[in-house]
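A short worksheet on the structure shown next.
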Amino acid sequence: MIVGTAGHVDHGKTALVRALTGVDTDRLQEEKARGMTIDLGFAYLPAPNGDVIGFIDVPGHERFVDTMLAGASGIDFVLLVIAADDGIMPQTREHLAIIDLLGIRRGAVVLAKSDLIAPARRAAVQADIRAALADTALAEADIMPTSAVSGDGIDDLRHFLFEEASRFAGRASSGRFRLAVDRCFTLHGVGTVVTGTVLSGSVGVGDHLVVSPSGLAARVRSIHAQNRLAERGRAGDRCALNLAGDGIGKEAIGRGDIILDPELHAPTGRIDARLRVLPGEPRPIGQWFPVRLHHAAAEVGARVVLLSDEPVRPGGVAKVQLVLDNPIAAAAGDPYVVRDTSAQRTIGGGRLIDLRAPSRKRRTPERLIQIEAYAVPDPEAAVTALLDTPPHYLDLGSFARDRALGSDETQRLVDSLGLVCIPVRKTLFVLSPARWMQFRLGLAANLKTFHADNPDLPGIGMERLRLQLDPRLPAPMFAAALRMLARAGKLALDGAWVRLPGHEVRLTPQDETLWLQIERLIGGSTRYHPPRVRDIADMLAKPETEIRRILKLTGRIGRVYEVAHDHFFLRPALAGIVEIVDDLTAAEPGGRFNAAQFRDRAGSGRKVAIQILEFLDRHGVTLRRGDLRLVNRHRRDLFRSPADSEPAIAEVSGGASSPVGRPDFKSGRGREPVLGGFDSHSLPPLSQRRDDGDNPLSR
Numbered sequence: 001m002i003v004g005t006a007g008h009v010d011h012g013k014t015a016l017v018r019a020l021t022g023v024d025t026d027r028l029q030e031e032k033a034r035g036m037t038i039d040l041g042f043a044y045l046p047a048p049n050g051d052v053i054g055f056i057d058v059p060g061h062e063r064f065v066d067t068m069l070a071g072a073s074g075i076d077f078v079l080l081v082i083a084a085d086d087g088i089m090p091q092t093r094e095h096l097a098i099i100d101l102l103g104i105r106r107g108a109v110v111l112a113k114s115d116l117i118a119p120a121r122r123a124a125v126q127a128d129i130r131a132a133l134a135d136t137a138l139a140e141a142d143i144m145p146t147s148a149v150s151g152d153g154i155d156d157l158r159h160f161l162f163e164e165a166s167r168f169a170g171r172a173s174s175g176r177f178r179l180a181v182d183r184c185f186t187l188h189g190v191g192t193v194v195t196g197t198v199l200s201g202s203v204g205v206g207d208h209l210v211v212s213p214s215g216l217a218a219r220v221r222s223i224h225a226q227n228r229l230a231e232r233g234r235a236g237d238r239c240a241l242n243l244a245g246d247g248i249g250k251e252a253i254g255r256g257d258i259i260l261d262p263e264l265h266a267p268t269g270r271i272d273a274r275l276r277v278l279p280g281e282p283r284p285i286g287q288w289f290p291v292r293l294h295h296a297a298a299e300v301g302a303r304v305v306l307l308s309d310e311p312v313r314p315g316g317v318a319k320v321q322l323v324l325d326n327p328i329a330a331a332a333g334d335p336y337v338v339r340d341t342s343a344q345r346t347i348g349g350g351r352l353i354d355l356r357a358p359s360r361k362r363r364t365p366e367r368l369i370q371i372e373a374y375a376v377p378d379p380e381a382a383v384t385a386l387l388d389t390p391p392h393y394l395d396l397g398s399f400a401r402d403r404a405l406g407s408d409e410t411q412r413l414v415d416s417l418g419l420v421c422i423p424v425r426k427t428l429f430v431l432s433p434a435r436w437m438q439f440r441l442g443l444a445a446n447l448k449t450f451h452a453d454n455p456d457l458p459g460i461g462m463e464r465l466r467l468q469l470d471p472r473l474p475a476p477m478f479a480a481a482l483r484m485l486a487r488a489g490k491l492a493l494d495g496a497w498v499r500l501p502g503h504e505v506r507l508t509p510q511d512e513t514l515w516l517q518i519e520r521l522i523g524g525s526t527r528y529h530p531p532r533v534r535d536i537a538d539m540l541a542k543p544e545t546e547i548r549r550i551l552k553l554t555g556r557i558g559r560v561y562e563v564a565h566d567h568f569f570l571r572p573a574l575a576g577i578v579e580i581v582d583d584l585t586a587a588e589p590g591g592r593f594n595a596a597q598f599r600d601r602a603g604s605g606r607k608v609a610i611q612i613l614e615f616l617d618r619h620g621v622t623l624r625r626g627d628l629r630l631v632n633r634h635r636r637d638l639f640r641s642p643a644d645s646e647p648a649i650a651e652v653s654g655g656a657s658s659p660v661g662r663p664d665f666k667s668g669r670g671r672e673p674v675l676g677g678f679d680s681h682s683l684p685p686l687s688q689r690r691d692d693g694d695n696p697l698s699r
C-alpha cells in the first residue's frame with residue numbers, strides 16, 4: 001500500500017512521516033535550509049505481516065501544488081495532515097479538493113501538533129474539519145490526534161496503518177505494464193534509474209519497455225519494489241527500475257514520462273473526458289478555456305473544448321474535449337486535474353474517456369452517444385454499448401490498448417461476448433453476433449436483388465455494394481469480411497465484382513443467336529487476327545453498337561477479351577497465343593523472343609502482333625526487356641479454362657473453425673485473412689476494368 005501525505009505548508013507532514021518511519025524525507029540541501037518540503041520525498045515502513053508500506057511526502061506550499069499532484073496520483077491511502085493550532089488553511093482545502101478529484105477514497109485526517117492546544121479547542125477544530133470533509137470522498141474518515149514531538153498518537157496511527165494495509169486488496173496486476181516516472185537519476189556503477197508508482201500490470205528483469213511519449217526503447221536491468229531488490233514489480237508498488245538502451249539517460253527521461261509495455265505506446269494529444277468544476281471556481285468554463293492539465297506525474301498546457309452549447313458552471317459536470325499542447329501517454333479511465341494557467345488555483349478534474357477523440361464532428365448526436373459508451377468503466381459493458389451504437393463496429397485492438405488490457409483480458413472479451421473478429425493487417429475489427437447476422441442477411445438480399453435486376457452482369461462492384469449495407473463498414477474491413485464469407489462459400493468474388501455462388505451470367509435467346517454468328521467470324525482460321533467490330537457489323541448487317549454490346553457482354557462472362565479498342569479475341573485464341581509465346585521462350589537462347597518472331601508464328605500482321613504482345617504485357621503474361629520478351633511462368637495459365645489447368649491463385653478454404661484471420665492477442669496483432677474465393681481466370685477484360693468505376697484497378 002502507498003500512503004501519501006497532503007495538507008498546508010508547515011503543518012507537520014514531513015515530521016509525521018519521520019515519526020512513523022524514522023526516515024527524513026527532506027533530502028535536498030535547500031529543503032533543510034528552508035525548513036520546507038519542495039520536492040517529493042519517499043520512505044518505507046515494514047509491516048508485521050512482511051509487507052512494506054510506502055510513503056510519499058508532498059510539499060504543501062501553494063507554489064508546489066504541481067509537485068504535490070505528481071506524487072498524489074500514485075497513492076492508495078491519504079493522510080490529510082492538519083495542524084491543530086492553525087486548523088484548516090487554503091492549501092488544506094485545495095489538497096482535499098485534489099484528493100477528491102483524483103478519486104482517492106481511502107484515508108484519514110491526522111490532527112498534528114495536538115499537544116499545542118487545549119481539549120476544548122481541539123473539539124472545535126475537529127468540528128471544522130468534519131464540516132470541510134462533508135461532500136468529499138473522506139467524509140467518513142477517522143480524525144486522529146498526534147504529536148510528532150511528544151510521540152502522542154504515533155503508535156496508534158502506525159497500528160491503524162498496519163490494519164489498513166492488511167485489508168488493502170492491492171491493485172489488480174492484470175493488464176499491461178505502466179509506471180509513472182516521478183524521478184530519474186544516475187547512480188555510479190549502476191546507470192540510469194527511474195522511480196515511480198506502477199499504475200497497472202507487472203514488470204520483470206529483462207523485459208523490454210518503451211519510454212512514452214518519446215518512444216525510446218529500454219530494457220530492465222534490475223528492479224527495486226517497495227525498497228527491496230525484486231525480480232518483478234507489480235501494480236501499486238513503488239518501483240525503481242534500472243534501465244539500459246540506446247539514448248537512455250538522465251537527460252532523456254523526466255518526470256511525467258510513462259514507462260510502459262511497447263504495445264501501449266500511442267501518445268495522444270486530443271482526449272474526450274468528464275470534467276467536474278469545483279464549486280469555488282469564480283466563473284463558468286467557456287469554449288477553448290486554457291488550463292494546465294495534470295495527469296499522473298505529467299503537466300501540460302491544454303484547452304477545454306465544450307461538447308455542449310452551455311458553459312460549465314462552478315460545481316457542474318460535463319463531457320469535454322481536452323486539446324493538449326503536447327501529447328501524453330495515458331489510459332482511458334485515468335484521473336486528471338486541471339489548474340489555471342498561472343498555477344494559482346485548482347479548477348477541476350475528472351476521468352479520461354476516449355484517447356482518440358476526433359477533431360471534427362465531435363458534437364454530433366452519434367458521437368455523444370459513443371462518448372457515453374466509452375465512459376462505461378467495465379470493459380465488457382463498454383464494448384457491448386459501443387457495438388450497439390453507430391457505426392456498430394469497433395477497433396478492439398485500440399480499445400484494449402487504450403485501457404491497458406492484457407492479451408488474456410482481450411481474449412475473454414471476445415469469448416464472453418461471442419464477437420466476430422475481422423483482422424485487417426494490424427487492426428482487429430469486431431462486430432456483435434447480431435450485427436454480423438444483420439450484415440450477412442443484408443449482403444445476401446442486396447446481391448439477390450442485383451442479380452434479379454441485372455442478369456447480364458457478373459456481379460456488383462465492391463464499393464457500390466459496401467455503400468448499400470448497414471452497418472457500413474470501412475473499405476478494408478469490408479473487403480476482409482467478403483473474403484471470409486467467400487472462403488465459407490457464402491458468396492463469390494470475381495475480380496472486382498461480388499456475386500452469389502450460384503449466379504451465372506446468361507444471354508437472352510436473341511443475344512445468344514447473335515453471339516454464335518459473331519463467334520464463327522472471330523474464331524476458326526481468323527482467331528489470331530479476328531475482324532474488328534465495324535467489320536463484323538458490315539458482315540452481319542447489324543449496327544456497330546449492337547455488335548459492340550454483345551462483345552462487351554460476353555467479355556464480362558470471360559468468353560472474349562478486348563485486346564485493343566474494338567478488337568476482340570476468343571479466350572481459346574488467347575490461350576493458343578500464350579502457348580506460342582511459351583514455345584518461343586523455350587526455343588530461343590535465354591528464353592527471349594522479339595515481336596517479329598511472334599508475328600511469324602502467329603501469322604498476323606505486325607500491327608496486330610504488337611497489340612497482342614502489349615495486351616499480354618499489361619496482364620503480366622509476358623515481361624518486356626527492351627525489344628525482347630519472355631513468359632512469366634506464374635501467369636501463363638491465365639487464359640486457359642479452369643478445366644485445362646490449375647488456377648493461378650488457389651481457393652483458400654476456411655470458415656468458422658478455420659484459424660485464418662484468428663486474432664493473435666499474445667503478439668498484439670491480428671492475422672490478415674488470406675485472399676480467397678476467386679482465381680485469375682475470372683478476371684474481366686482489361687477494357688472493362690478501365691471502364692468500371694467500381695473496379696479498384698481502374699483508379
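With UniProt numbering as the guide, the letters of the sequence shown map in order to residues 1 to 699. From the three backbone atoms N, C-alpha and C, an ideal C-beta is built for every residue, glycine too.
1. If you draw a straight line from the alpha carbon of V338 to that of F478, how long is it in whole angstroms?
2. By Cβ distance, which residues of its chain are closer than 6 Å to R599, with the 5 residues on each side in sequence left out?
3. Tell me which residue opens and which closes the alpha helix (DSSP H) that G442 is part of.
4. Look at Q344 and R270 and say whether their C-beta atoms are less than 9 Å apart.
5. Name the residue from T341, T364, A318 whose alpha carbon lies nearest to the alpha carbon of L352.
6. Taking just the CA atoms, how far does G54 sit from D43?
7. For a test of the three-state rule: what should DSSP assign to M1, helix, strand or coil?
8. Quick one: give me the first and last residue of the alpha helix (DSSP H) that P90 is part of.
9. State the DSSP-derived secondary structure class of D535, mapped to helix, strand or coil.
10. In this structure, what does DSSP give as the bridge partners for S202?
11. Quick one: is T146 buried, meaning 16 or more other Cβ sit within 10 Å of its Cβ, or exposed?
12. Measure the Cβ-Cβ separation of A83 and H8 and say whether it is below 9 Å.
13. Would you kindly work out how many angstroms separate the C-alpha atoms of P458 and E614, rounded to a whole number?
14. If contacts are defined as beta-carbon pairs under 8 Å, then A244 and G233 qualify, I think. What distance do you get, rounded to the angstrom?
15. Nearest-angstrom Cα distance between L275 and E372?
16. Is the beta carbon of R640 closer than 9 Å to that of A575?
17. Distance, Cα to Cα, R221 vs H208?
18. Closer than 8 Å is the cut-off here; do at least three beta carbon pairs connect the stretch 289-300 with the stretch 65-73?
19. Using only the alpha-carbon positions, how far apart do P279 and R313 sit?
20. Are there 16 or more other CB atoms within 10 angstroms of the CB of R618, so buried, or fewer, so exposed?
21. In whole angstroms, what separates the C-alpha of R283 from that of S308?
22. Give me the residue from P262, D39, T513, D57 with the minimum Cα distance to T21.
23. Count the CB pairs spanning the stretch 572-586 and the stretch 533-550 that are closer than 8 Å, and state whether there are at least three.
24. Consult DSSP for Y44 and reduce its assignment to one of helix, strand or coil.
25. Would you identify the three-state DSSP class for V17, choosing helix, strand or coil?
26. From what residue to what residue does the alpha helix (DSSP H) around A120 run?
27. Measure the alpha-carbon distance for F162 versus F168 and round it to whole angstroms.
28. Contact defined as beta carbons within less than 8 Å: I believe R178 pairs with L116. What is the distance between those atoms, to the nearest angstrom?
29. Using three-state DSSP, classify S604 as helix, strand or coil.
30. Does A331 pass the burial test, meaning 16 or more other C-beta atoms within 10 Å, or should it be called exposed?
31. Can you tell me the Cβ-Cβ gap for A132 and R106, rounded? I've got them flagged as a contact below 8 Å.
32. At what residues does the beta strand (DSSP E) containing F168 begin and finish?
33. Pull up the CB-CB distance for L396 and V424, whole angstroms please, since I reckon it's below 8 Å.
34. Using the C-alpha atoms, what's the distance from C184 back to R130?
35. Helix, strand or coil: how does DSSP classify K113 here?
36. So what's P647 in DSSP terms, helix, strand or just coil?
Short version:
1. 42 Å
2. The residues are R606, A609.
3. 433-453
4. Between Q344 and R270, the C-beta gap is not smaller than 9 Å, which leaves the two residues out of contact.
5. A318
6. According to the sequence displayed, residue 43 carries Ala and not Asp. Note on geometry: alpha-carbon atoms of A43 and G54 lie some 6 Å from one another.
7. In the structure shown, M1 sits in coil (DSSP, three-state: anything other than H, G, I, E or B).
8. 90-101
9. For D535, the secondary structure class from DSSP, reduced to helix, strand or coil, is helix.
10. R234
11. Under this definition T146 is a buried residue.
12. yes
13. About 26 Å.
14. About 16 Å; that fails the 8 Å criterion.
15. One C-alpha to the other measures close to 14 Å.
16. It is a contact, given that the beta carbons lie within the stated cut-off.
17. 10 Å
18. With a cut-off of 8 Å, the stretch 65-73 and the stretch 289-300 count as touching, because enough Cβ pairs lie within range.
19. 8 Å
20. exposed
21. 17 Å
22. For the set P262, D39, T513, D57, the Cα lying nearest the Cα of T21 is the one of D57.
23. no
24. Strand at Y44.
25. Residue state for V17 is assigned as helix, using DSSP reduced to three classes.
26. 119-133
27. Each residue's alpha carbon lies about 10 Å from the other.
28. Actually they are not in contact, since the Cβ atoms of R178 and L116 sit about 43 Å apart, beyond 8 Å.
29. coil
30. buried
31. Rounded, the Cβ-Cβ distance is 18 Å, inconsistent with contact.
32. In this chain, F168 is not harboured by any beta strand (DSSP E), its DSSP state being neither H nor E.
33. Not quite, the Cβ-Cβ distance comes to about 12 Å (not below 8 Å), so this is no contact.
34. Looking at the two C-alpha atoms, the distance is approximately 39 Å.
35. coil
36. Interpretation of P647 is limited by its pLDDT of 34, a score under 50 that renders its predicted location unreliable; the figure taken from the coordinates is listed afterwards. Note: P647 maps to coil in three-state DSSP.
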